[in-house]
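Enquirer: Below you will find the structure I want to go over with you.
In the working numbering, the protein residues as written are 30 to 212.
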């Protein structure tokens, strides 16, 4: 069956869009290298200093073009400990949470929150995606909103209260067997 002129035009339009998407990936990756990463670090540093938040900003560069900037609250003793015999106790370590700006495979920027968790006290909650941005969309006011959301979410995790009805996956100790038995 021969293709109509309209069919060929539709195919050409789709191929054109595909080429544009591939070109955008190159452009977005270049924007990260040419200054977006440094801009993210500077905004986060400024906000943590202004807000008095003790945090570390790390650049994760394990895989080229999948790099990240991570604002982390670090690790600490959880206050929980396990007996390891002969009156010995091992402290359980708590990951205090982080805010991550991660390059995706296509050069766009994924912003997510990694919630705190305590080792051996269940599995960490899945990260919370805040947004995905093209580099030119990531504007200054968003950084403040992201940091505020991060601090609010981490505070809520730390101030867990069973009086508040949460989604099943939002419990501390995600999917642990410490839940109340139902009658």
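Ideal placement from N, C-alpha and C gives every residue a C-beta, glycine not left out.
Computed from a prediction, not measured in an experiment: that's the story for all the values here.
#1: Tell me the DSSP secondary structure of residue 80 in three-state form.
#2: Determine the direct distance from the alpha carbon of residue 172 to that of residue 97, and round the result to whole angstroms.
#3: State the DSSP-derived secondary structure class of residue 57, mapped to helix, strand or coil.
#4: If you draw a straight line from the C-alpha of residue 166 to the C-alpha of residue 138, how long is it?
#5: To which residues of the same chain is residue 82 closer than 6 Å at the C-beta, ignoring the five residues directly before and after it?
#6: Please name the residue in 135, 176, 170 and 155 whose C-alpha comes closest to that of residue 49.
#7: Which of the three DSSP states, helix, strand or coil, is assigned to residue 148?
#8: Can you tell me which of the three DSSP states residue 187 falls into?
#9: Figure out for me which residue from 46, 72 and 59 has the closest Cα to the Cα of residue 169.
Expert: Short version:
#1: helix
#2: 15 Å
#3: helix
#4: 10 Å
#5: none
#6: 135
#7: coil
#8: helix
#9: 72
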